[in-house]
Amino acid sequence: MSQTTADAVRTALPMAPAKNDAGIDYELFLDCVHCGLCTSACPTYVELGDENDSPRGRIYLMRAVTDGRIELDESVQKHLDLCLDCRACESACPSGVQYGKLIEPFRIHMEKTGTKPDNLSWLQKFLLYRFTPYAGRMRLALAPARFAQWTGLDTLMRKLGMYHLMPKSLRQMHEMLPPLKAHYGTMPDVWPAEGKRRARVALFTGCAADAFFPETNLATALVLQKNGCDVWIPRKQGCCGALHYHAALDQPAKDFARANCETFFPDGGEIDAIIVNAAGCGAMLKDYGHLFHGAPEEEVAAKFAHKVKDISEFLMEIGPIKPTHPLKLKAAYHDACHLCHGQQIRKQPRQLLEMIPELQLVPLNESEICCGAAGSYNLTQPEMAERLGERKAKNVLDTGADAVLSGNVGCLIQLGRYLREKKPELLIAHPIDALWASYSGDRL
Ligand code: SF4
Ligand code: SF4
């Protein structure tokens with residue numbers, strides 16, 4: 008955007024006070040010059056072709072409500088609620104619009120004023136907010152499902168149509184379950200570096216990710232150790248707060264963030280980095296400074312955020328040890344939104360995968376378009392989540408790949424849901440699982 012255009016927009020449109028009910032910095036609205044270059048990157052616009060479901064349209068709606076020019080009625084709420092918060096519009100925008108800083112406080116405002124649509128049943132809310140953010144509780148909650156999968160009871164119940172006896176909301180959640188592997192149990196607090204020590208890091212193991220894909224946390228610790236890192240796994244760490252924050256529940260999100268800062272920070276000055284392998288958690292952890300903007304916790308939270316690194320980002324910074332065992336695979340890589348748009352990490356996971364002998368990375372059409380997972384979006388907006396899940400599945404199948412890799416728990420679950428039946432032999436995994444398989448010679 009040229010300065011002239013931005014200034015022209017600033018002067019042409021009516022101004023509102025710098026502070027407003029949603030606490031949004033009004034200047035942020037003015038960065039948008041309505042050029043429309045973001046629309047083709049927006050999954051909901053691409054699917055529906057409705058301007059109100061585009062980034063430009065949503066910014067216009069939020070600003071018009073803030074100005075008092077339109078009511079925050081049901082139709083406006085619907086368009087804002089359909090946004091995935093995938094931030095593809097930020098990557099596409101040449102004017103540097105910080106869309107996340109508009110939609111997130113606006114949604115919190117909608118939640119506080121009772122104008123945010125409530126699309127979840129009480130049971131889904133209970134499981135999402137009382138179980139999912141707690142790794143131990145999640146593991147317990149998944150134990151019956153794991154047992155059913157391992158014994159074949161799951162397949163039998165499916166064949167007999169017994170899942171239709173479940174409440175619909177529980178069935179929706181059950182349908183998402185990936186094949187559950189055995190949990191590693193308890194990891195030691197500290198894993199010493201292999202060979203000469205190159206760094207001291209802390210590992211963020213998360214909550215849902217650890218319950219659904221424990222093998223990836225284990226692989227991450229082993230890969231770090233192999234790359235000469237002392238790995239500290241703080242026992243008292245908790246959820247990053249993203250699930251609550253994206254559902255506009257900012258207080259519980261802040262409680263989780265505060266607890267994590269306290270857990271990691273007594274030793275924070277000593278460690279070189281806080282490593283995370285889930286894109287959604289990484290983007291949230293890196294945003295802690297902004298979460299506490301203007302609050303007494305801001306300084307510590309910003310220091311914490313500064314230490315956070317995605318595993319692929321960190322390994323490419325220190326220079327990874329070359330993997331040696333071949334993985335004869337044709338693999339497609341799906342960019343998780345919170346990695347490519349939220350953290351601008353695109354090349355590092357691909358660089359790691361390209362190091363693996365005999366792994367052939369094939370291009371994936373629309374790899375940066377959201378798969379429809381987006382936290383709890385597949386529960387709150389099942390129709391759009393399904394459209395995007397099917398769209399992604401088609402793009403993956405078109406590559407002819409035998410594996411699809413992605414660095415986020417939600418994406419892995421969503422990819423599995425829409426691809427498992429279409430191509431049962433397709434491997435769905437985290438890039439770090441592939442890297443560890445190539446280091447160790449184990450099967451992926
Ligand atoms: S958000 Fe950016 S790309 Fe989209 S209309 Fe506004 S200025 Fe243009
Ligand atoms: S965050 Fe994603 S869904 Fe929302 S407006 Fe931006 S591109 Fe569209």
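Under this note's numbering, the first residue of the sequence shown carries the number 8, and numbering increases by one thereafter.
All residues carry an ideal CB built from backbone N, CA and C; glycine is no exception.
Quick caveat, the model's predicted, so the values are computed rather than measured.
Taking T73 as reference, the option from H86, I31, K401 and L160 with the minimal CA-CA separation is I31. Taking 8 angstroms as the upper bound for CB-CB distance, L359 and L442 are in contact here, some 6 angstroms apart.
Per DSSP, R394 is not a residue of any beta strand (DSSP E); the alpha helix (DSSP H) it occupies stretches across P389 to T406. Residue state for R207 is assigned as strand, using DSSP reduced to three classes. Distances between the C-beta of C96 and the heavy atoms of ligand 2 include at least one below 7 angstroms. Straight across, the Cα-Cα distance linking N59 with L68 is about 8 angstroms. Following the DSSP letters along the chain, one finds C236 inside the beta strand (DSSP E) bounded by residues C236 to W239.
In its chain, beyond the 5 residues on either side, A71 have a beta carbon closer than 6 angstroms to the beta carbon of I77. Under a 10 Å Cβ-count criterion, G326 is classified as exposed, with fewer than 16 other Cβ atoms of the shown protein chains found around its own Cβ. In the DSSP assignment, K316 falls within the unbroken beta strand (DSSP E) covering V315 to D317. Selection P303, F299 and M362 evaluated against I328 yields M362 as nearest (Cα-Cα).
Burial state of D80 is exposed, judged by a 10 Å Cβ sphere holding fewer than 16 other Cβ atoms.
Between the region 198-208 and the region 162-177, the count of C-beta pairs closer than 8 angstroms stays below three; the two stretches do not touch.
As the crow flies, the alpha-carbon of D237 is around 26 angstroms from that of E306.
Less than 8 angstroms divides the Cβ of I439 from the Cβ of N284. DSSP places V53 inside the alpha helix (DSSP H), whose first and last residues are P50 to L55.
In the assembly as shown, N126 is an exposed residue. Its beta-carbon has fewer than 16 other beta-carbons within 10 Å. Here Q355 carries a helix assignment [DSSP, helix/strand/coil]. Between A410 and A338, the CB-CB gap stays under 8 angstroms.
Residue range P438 to S447 is occupied by the alpha helix (DSSP H) that includes I439, with no beta strand (DSSP E) assigned at that position. The C-alpha of N402 is placed about 39 angstroms away from the C-alpha of F299. With a cutoff of 8 angstroms on beta-carbon distance, L135 and L250 are scored as near each other.
In summary, V197 is exposed, with fewer than 16 beta-carbon neighbours lying within 10 Å of its beta-carbon over all protein chains present. Secondary structure note for V283: its beta strand (DSSP E) is the uninterrupted segment A280 to V283.
Relative to ligand 1, the beta carbon of S102 is positioned inside 7 angstroms of a heavy atom. Sequence-distant partners of Q105 (beyond 5 residues in either direction) whose C-beta falls short of 8 angstroms from its own C-beta, in its chain, are L35, D38 and E97. Between the region 129-143 and the region 156-165 there are fewer than three inter-stretch CB-CB distances shorter than 8 angstroms, so the stretches are not counted as touching. Here the alpha carbon of P50 sits roughly 37 angstroms from the alpha carbon of F154. Assigned with DSSP and collapsed to three states, A260 falls in helix.
Fewer than three pairs of CB atoms, one per stretch, sit closer than 8 angstroms, so the region 252-259 makes no contact with the region 210-220. A direct Cα-Cα distance of roughly 44 angstroms separates L87 from R450. Residue state for L346 is assigned as helix, using DSSP reduced to three classes. DSSP places L368 inside the beta strand (DSSP E), whose first and last residues are L366 to V369. When distances are taken from the beta-carbon of L44 to the heavy atoms of ligand 1, the shortest one is below 7 angstroms. Cβ contact annotation for A309 (same chain, cutoff 6 angstroms, sequence separation greater than five): G296, in chain order. At least one heavy atom of ligand 2 lies closer than 7 angstroms to the C-beta of T51.
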